[in-house]
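In the numbering used here, the protein residues as written are 356 to 642. Accompanying notes for the structure given below.
In structure tokens form, the structure reads like this:
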């Protein structure tokens, strides 16, 4: 059934009546136990929902939304966010880059409730996939869209091209959804959850016993030696993928140190490649 620029579709096995569909299109309430599956079009009007979102009052800010999100953020711990250090060209030092992870974004969507997030593939070329992610708040009618460009690259090491391309496609979808969720949801909710997740991560670090700390240090030492003895983009990316796999078993500061070593090794290799090209051009010019 179509209503203006909106299209409502339903699961084949759900007995949603035409009256239900009409009520939903006009902001009414769907019959109990039924569910509308997809809302198309650029805009969506507000819908009546059976369980309204509770963000509290001035006396009790956040309400059930914040309560639920803080519990899950504490359970996620370090998985709620991503973070690393990059070179700051202005100061000459380092600056931290951090944000809500894909896992954290999906958690925020669940806690916010009465909202859907959809993603579409817009364009494909040899260099990148371009996705469009759309966040629709069914309760308020607010809509937010973001584009995300996922670059495609040559597969490193042991990966075959098809498998590496599949991974890039999957990552692009997840990151597009993460970006639009973080753009649409209030910053106060994201910030409070970031604090709760950080505190939970600190508690987890303090709870490490001797054997766990020893295992973490052994892994970090192994990967540090591998990074320092690896040369070339393929070898360094292969080691980085292994570090990513074992990252949950290592302490946060050890992972940060390994990332710094990786960046230095990759930078040194790239500089050596530039130097070799310059010398070859010089020799050709004088031959």
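The C-beta atom is built at its ideal place from N, Cα and C for all residues, glycine as well.
Residue from 616, 608, 550 and 607 whose Cα sits closest to the Cα of residue 595: 616
Taking contact to mean 3 or more Cβ pairs, one atom from each stretch, closer than 8 Å, check whether the region 402-420 and the region 574-581 are in contact. Segment contact: the region 402-420 against the region 574-581, fewer than three CB-CB distances shorter than 8 Å; contact not assigned.
Quick one: what's got a C-beta closer than 6 Å to residue 613's C-beta in the same chain, skipping five residues either side? 578 and 598
How about residue 502 and residue 477: do their beta carbons lie closer than 8 Å? yes
By the 10 Å Cβ neighbour count, where 16 or more other Cβ atoms means buried, how is residue 402 classified, buried or exposed? buried
Please name the residue, chosen from 511, 609, 554 and 489, that lies closest to residue 593 on a Cα-to-Cα basis. 511
Cβ contact check for the region 445-453 and the region 523-538: 3 or more pairs under 8 Å: no
Looking at residue 468: is its Cβ nearer than 8 Å to the Cβ of residue 436? no
Which same chain residues, not among the five before or five after residue 387, have their C-beta less than 8 Å away from its C-beta? Note that residue 387 scores 46 on pLDDT, short of 50, meaning its location in the model is unreliable and no value can be drawn from it.
Return the CA-CA distance between residue 621 and residue 419, expressed in angstroms with no decimal places. Within the model, the alpha-carbon separation for residue 621 versus residue 419 is close to 47 Å.
Given 8 Å, three or more beta-carbon pairs between the region 536-556 and the region 414-430: By the C-beta criterion, the region 536-556 is judged to be in contact with the region 414-430, since at least 3 inter-stretch pairs fall below 8 Å.
Inspect the beta-carbon positions of residue 536 and residue 474 and report whether they are closer than 8 Å. For the pair residue 536 and residue 474, the CB atoms are not nearer than the 8 Å cut-off.
Alpha carbon to alpha carbon, what distance is there between residue 465 and residue 433? Answer to the nearest angstrom: the Cα atoms are 19 Å apart.
Going by the CB atoms, is the gap between residue 534 and residue 483 shorter than 8 Å? no
Can you name the start and end residues of the beta strand (DSSP E) that residue 491 belongs to? 483-492
Compare the C-alpha of residue 626 against each of 416, 413 and 586 and name the closest. Cα-wise, what sits closest to residue 626 is 586.
When you compare only the Cα positions, how much space is there between residue 607 and residue 619? 19 Å
What number of angstroms, rounded off, separates the C-alpha of residue 486 from the C-alpha of residue 505? The alpha-carbon atoms of residue 486 and residue 505 are separated by roughly 8 Å.
Give the DSSP bridge partners of residue 453, in chain order. 438
Start and end residues, beta strand (DSSP E) containing residue 502: Residue 502 -> beta strand (DSSP E) spans 498-506.
Ignoring anything shorter than 4 residues, give me the alpha helix (DSSP H) runs that lie fully in the region 553-621, in order along the chain. 565-584 and 588-601
Roughly how many angstroms lie between the CA atoms of residue 564 and residue 603, to the nearest whole one? Note that residue 564 scores a pLDDT of 47, beneath 50, so its modelled location is shaky and nothing firm can be said.
Pull up the distance between the alpha-carbon of residue 583 and that of residue 591, whole angstroms please. 9 Å
Residues bridged to residue 400 (per DSSP): Answer by DSSP bridge pairing: none, since residue 400 is not bridged.
Measure the alpha-carbon distance for residue 513 versus residue 438 and round it to whole angstroms. 27 Å
What distance in whole Å lies between the Cβ atoms of residue 507 and residue 481, which are believed to be in contact at a cut-off of 8 Å? Sure, about 7 Å apart at Cβ, within 8 Å.
Kindly give me the distance between the Cβ atoms of residue 399 and residue 491, rounded to whole angstroms, as I take these residues to be in contact under 8 Å. 5 Å
Any idea what DSSP makes of residue 535, helix, strand or coil? Per DSSP, reduced to three states, the secondary structure at residue 535 is helical.
Since residue 440 and residue 552 are thought to touch, with beta carbons under 8 Å apart, how far apart are those beta carbons, to the nearest angstrom? With a Cβ gap of about 19 Å, residue 440 and residue 552 do not count as contacting.
Please identify the residue among 543, 520 and 601 whose C-alpha is closest to the C-alpha of residue 416. Minimum Cα distance to residue 416 is reached at 543.
With burial defined as no fewer than 16 other Cβ atoms inside 10 Å of the residue's Cβ, what is the status of residue 446: buried or exposed? Exposed.
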